[in-house]
Structures are given as structure tokens and as C-alpha cells.
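Residues 1 to 337, numbered by full-length UniProt numbering, are exactly what the sequence shown covers, in order.
Using N, Cα and C, we set each Cβ at its ideal position, and we do this for glycine too.
Just so you know, these numbers come straight off a predicted model, no measurement behind them.
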Amino acid sequence: MDPRSDAVVALPDTHGPPAAPGGASGVKEPRRLLGHLARVLFLVAVVAGAWWSLREEGDEVAAALATTTVGSLALSLVLVLVGLGVTGALWGRIFRLHGARVPARDVAAIFFVGQLGKYVPGSVWSIGVQARMAHGHAVGARATVSTSLIFLWVHLATGSLAAGLALPWVPGADELPGGRWVASGACVLTGLAALLPTVVHGVTRWLARSEDAAWGVVDTWSAVALMTPVWTAYALAMVLLAPEGGLRWSVESYAALMAAFALGYVAGVAVPVAPAGLGAREGVVVLLLAPTLGLAPAAAVAVLARVVHTVADFLIALLAWLARPTRTSATVHQGRD
């Protein structure tokens with residue numbers, strides 16, 4: 001769940017108008033072949049990026065897997081999939097606010113397949129792929145780029161807010177600059193300010209360069225309502241990943257897991273060159289969880305969380321791709337760039 005630019009990757013979409021009869025089909029054939037090649041190269045890059053993000057932690061992954069059970073991993077995966085599904089609903093809602101009129105299953109494919117781009121080092125691949133796929137539904141690139149950046153904005157804002165509300169109960173937060181209370185206040189104020197309807201509305205209009213793009217109070221409340229179960233599900237997933245006997249259920253332990261994942265996500269976004277925030281995210285998780293769980297269990301949770309989220313990302317993208325309609329049936333009134 002990390003890009004920050006309006007660059008568009010030239011990845012052709014699987015959807016699009018059928019080839020014209022006669023000579024036009026001959027012209028389109030090389031483009032179709034290039035499109036297939038681009039998709040294959042993208043998939044190879046994504047798989048390579050995901051493998052690279054885990055390869056140096058092979059021993060740690062094996063050791064961490066030994067601390068949990070298959071049942072805990074499966075339930076954790078289900079919770080992460082639920083959280084991802086809700087984020088997809090949020091992205092689709094923001095997409096519609098930008099004027100897109102695309103069938104829900106196509107929207108899911110655009111979002112979840114595009115999200116795999118975060119496993120390629122760099123910060124623009126997810127957005128670029130989403131914009132290229134949406135182009136096949138007559139959606140202008142700017143509308144899709146704006147959608148993805150506002151989605152990221154809401155993620156960061158609600159993540160900061162969730163972390164800020166949890167930090168006062170986290171002993172490890174004393175290691176943050178200013179201690180737990182200063183860090184908590186900074187996160188809460190940042191999250192609240194970023195979620196102000198006037199702020200999000202201004203950012204949306206500026207990114208979309210359209211008078212039609214709008215964001216109001218209802219949109220802010222809807223975003224918060226959707227993201228609340230997302231952060232909750234992710235934190236519960238980490239509860240299940242904690243080594244057996246290493247976590248005693250309490251407000252403090254759950255707050256530590258919530259703050260660790262939410263703040264780790266924010267830190268991961270701040271490192272755009274790493275695939276899916278590799279390194280920065282795990283560092284924050286270990287920092288906040290070590291005083292509660294111990295260093296080794298905290299490291300195990302951080303490693304397992306990355307594994308589960310990686311599997312969930314690929315699984316939900318595959319399901320969304322398989323569930324998409326076979327041909328485009330939607331139109332959009334959004335103008336092209």
C-alpha cells in the first residue's frame with residue numbers, strides 16, 4: 001500500500017476497442033504484441049521486486065515461521081485481505097469522485113493489479129500502471145493519477161491519526177523524537193489537519209485540474225469510516241503473527257501493534273526507492289514492539305507481516321484480474337490530458 005508523482009508508465013491495458021477490419025488490424029497487431037510484452041515485463045519486474053524484498057531475510061522468515069502456526073497465518077491473511085478489500089472500495093469511491101464511470105470489477109482490477117507496482121523500486125509504478133489500465137476505459141490519466149494520490153493522502157492521514165491515538169499506550173514510543181506524548185500529538189495534529197475537507201478538496205482540485213473534482217465533509221467521514229476497519233484489521237493480523245506465548249492480550253499490546261503498523265506504513269511511504277517501503281517499515285515496527293514483545297519476537301512479527309501482506313497483495317490482484325469483465329462496457333465523462 002506508495003507513489004508520489006504524476007508520471008505514467010506506458011503499460012498497455014488488456015482492455016480496449018477491438019481491432020478494426022482490413023488493413024487497420026495489421027497496424028494494430030504489433031501494438032498488441034508490444035502490449036503483451038509490456039505486461040510480461042511488468043509481471044517479471046513485480047515478482048523480482050517482491051523476491052528481492054524478501055531474499056535477504058530468508059533465514060529470518062524461516063525462523064519467524066517457526067514461531068507461529070498455520071492457523072494463525074491463515075487467519076492473519078484473511079484479515080489482511082479484508083483490509084485490502086476495503087481499501088479497494090475507498091479507491092473506487094475516490095475514482096468516482098473524479099468522474100469515472102467504470103464497472104466495479106474493472107475498478108478492482110485497475111486498483112489491485114496496479115498496486116503490485118509498489119514492489120518495483122521507485123515511487124511511480126503503481127500509479128502509472130493504474131493510469132494506463134484506466135486509459136482503456138476512456139479515463140484521462142490525470143483523473144487516475146489524482147485518484148491514486150488522494151488515496152495515498154488519505155492513507156497517510158488516517159495512518160498518522162491511528163498511530164497518534166495509539167502511541168500514548170506504547171512504551172517503545174518513548175524512543176521517538178520528543179517521547180511518546182510529543183510524537184502522539186504531532187501524529188494526531190498532522191492527521192487531523194490533512195483530513196480537513198477544505199485541505200483535501202484543495203489538493204484534489206489542484207491535482208485533477210478540474211472543477212468537477214470535489215471533496216466535502218461527507219467524503220472525509222466516509223474515508224475515515226472505511227479506513228478505521230482497515231487499520232483495525234491490520235493490527236489484529238499482527239496480533240495473530242506474534243509468537244505463541246509472546247503476547248499477552250492487553251490495551252497496551254494492541255496499541256503497540258496498531259501504532260507499529262500504522263507508523264511503519266507512513267515511514268515506508270517516506271522511502272520511495274524501496275519496494276513497498278522495505279526496511280523503513282520493519283525498522284519502525286521493531287522499534288515500537290521491542291519493549292512490549294522483546295527484540296526477537298518483534299523482529300519475527302515485522303518479517304511475518306511483510307510476508308503475509310506480500311502474499312495478500314498478489315492473491316487479491318489475481319482474484320481481481322480473474323473476476324474482471326472480458327470487455328470494456330463503461331464510459332467516462334472525464335476529459336483526456
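- In the DSSP annotation of this structure, the continuous segment of the alpha helix (DSSP H) that includes V230 starts and ends at V217 to L241.
- Within the same chain, and ignoring the five residues on either side of R93 in sequence, the residues whose Cβ sits closer than 7 angstroms to its Cβ are S222.
- In the three-state DSSP reduction, L81 falls in the helix class (H, G or I).
- Counting C-beta pairs with one atom in each stretch, the region 93 to 106 and the region 139 to 152 have three or more that are closer than 8 angstroms, which means they touch.
- Proximity of the region 253 to 273 to the region 233 to 241 meets the contact definition, three or more beta-carbon pairs being nearer than 8 angstroms.
- Less than 9 angstroms divides the Cβ of L156 from the Cβ of V269.
- Here R180 has L167, P168, V170, A173 and D174 as same chain residues with Cβ atoms under 7 angstroms from its own Cβ, once five neighbours each way along the sequence are excluded.
- Within the model, the alpha-carbon separation for T69 versus P297 is close to 14 angstroms.
- When the alpha-carbon of L81 is set against those of R324, P325 and F314, the nearest one is in F314.
- Between the region 218 to 235 and the region 184 to 191 there are fewer than three inter-stretch CB-CB distances shorter than 8 angstroms, so the stretches are not counted as touching.
- Not a single unbroken stretch of the beta strand (DSSP E) spanning 3 or more residues falls wholly within the region 128 to 166.
- Annotation: V120 to S148 spans about 17 angstroms, alpha carbon to alpha carbon.
- The criterion of a C-beta distance shorter than 9 angstroms is not satisfied by A163 and V286.
- Using a Cβ-Cβ distance cut-off of 8 angstroms, the region 102 to 121 and the region 69 to 79 are not in contact, since fewer than three pairs of beta carbons, one from each stretch, lie closer than that value.
- The Cβ atoms of G83 and Y234 sit closer than 9 angstroms to each other.
- Residue state for L195 is assigned as helix, using DSSP reduced to three classes.
- Here S126 is buried, its C-beta having at least 16 other C-beta atoms within 10 Å.
- If you draw a straight line from the Cα of M258 to the Cα of A280, it comes to about 16 angstroms.
- A direct Cα-to-Cα measurement between G117 and R205 gives close to 25 angstroms.
- Look at A300 here: in three-state DSSP terms it is helix.
- Looking from the CA of T87, the closest CA among T158, H137, V139 and L293 belongs to T158.
- Its chain contains A108, A109 and F112 as the residues whose beta carbon lies nearer than 6 angstroms to that of A320, once the 5 sequence neighbours on both sides are disregarded; these appear in chain order.
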